[in-house]
Ligand SMILES: [Zn+2]
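In the numbering used here, the protein residues as written are 298 to 422.
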């Protein structure tokens with residue numbers, strides 16, 4: 298099942314990634330679960346995010362209990378879009394959709410993963 302994302306939401310994520318480069322950018326994704334799949338509608342900035350160049354950024358970070366938060370977005374400033382071990386551990390316990398963007402932070406440089414770490418098709422709408 299593909300993941301759908303509103304173009305404006307994705308552009309907000311990519312702008313955040315560009316703004317924080319070479320640091321990692323983190324955000325939460327708000328969305329809806331529809332019959333056709335998950336639809337990401339909005340980027341929500343995570344106030345507790347600790348922006349570093351490391352992959353440790355998730356540790357001080359809590360997903361709010363808000364049920365409209367369906368996943369996360371983060372950037373990989375120095376390597377590709379594959380999830381790290383820390384990413385996979387995080388994915389498995391929080392949210393159902395996780396996006397990773399690599400350089401140059403364009404629409405084509407984003408990959409979507411499920412909580413099991415498997416890549417999912419991402420459809421921009
Ligand atoms: Zn990562």
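The beta carbon of each residue, even a glycine, is placed where N, CA and C say it ideally should be. Note that the coordinates shown come from a computational prediction; the quantities given were computed from them, not determined experimentally.
Run through DSSP, which three-state label would residue i get?
i           : result
residue 313 : helix
residue 399 : strand
residue 307 : helix
residue 333 : coil
Using CA atoms only, rank isn't needed, just tell me which of the options is closest to residue i.
i           : options               : result
residue 309 : 335, 407, 413 and 411 : 407
residue 341 : 322, 410 and 334      : 322
residue 389 : 402, 367 and 403      : 367
residue 418 : 400, 394 and 403      : 394
residue 402 : 333, 386, 317 and 384 : 317
Whole-angstrom Cβ separation of residue i and residue j, contact assumed at under 8 Å?
i           : j           : result
residue 314 : residue 339 : Not quite, the Cβ-Cβ distance comes to about 16 Å (not below 8 Å), so this is no contact.
residue 374 : residue 319 : 5 Å
residue 398 : residue 372 : 5 Å
Would you list the residues sitting across from residue i in a DSSP beta bridge?
i           : result
residue 372 : 398
Is the Cβ-Cβ distance between residue i and residue j less than 8 Å?
i           : j           : result
residue 329 : residue 369 : no
residue 327 : residue 381 : no
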